[in-house]
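Numbering (the numbering used here), first residue to last: 16 to 102.
Here a beta-carbon is modelled for each residue, glycine too, at the ideal position from N, C-alpha and C.
Pasting the structure below:
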């Protein structure tokens with residue numbers, strides 16, 4: 016009757032290793048799912064940031080154009096003032 020004990024120990028050890036493996040696989044799957052969700056969030060954030068950057072670039076270009084127009088108008092007005100003060 017002493018021979019079944021080592022087999023039971025072997026079986027218990029195998030059961031324990033299988034249980035730990037199942038727990039590890041479950042944990043890894045959960046971590047993978049969380050990482051995939053985090054990646055998707057990061058991608059959406061990147062798309063949003065890219066769109067915002069494009070919008071801001073366009074706004075900067077428009078403001079530069081307006082600044083150029085204002086500068087031209089001011090230079091024209093200053094030129095007219097010079098003509099008035101020169102006479």
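**Asked** Rounded to a whole number of angstroms, what is the C-alpha to C-alpha distance between residue 78 and residue 89?
**Response** Taken atom to atom, the span from the alpha-carbon of residue 78 to that of residue 89 is near 16 Å.
**Request:** Give the straight-line distance between the Cα atoms of residue 69 and residue 75, rounded to the nearest whole angstrom.
**Result:** Residue 69 and residue 75: Cα-Cα distance of roughly 10 Å.
**Message:** Rounded to the nearest angstrom, what separates residue 94 and residue 66 at their Cα positions?
**Reply:** 42 Å
**Request:** Please go through the same chain and pick out, in chain order, the residues whose beta-carbon is closer than 7 Å to the beta-carbon of residue 81, but skip the five residues on each side of it.
**Result:** Excluding positions up to five away in sequence, the list is empty.
**Request:** Alpha carbon to alpha carbon, how far is residue 91 from residue 97? Give it in angstroms, no decimals.
**Result:** Taking the straight line from one Cα to the other gives about 10 Å.
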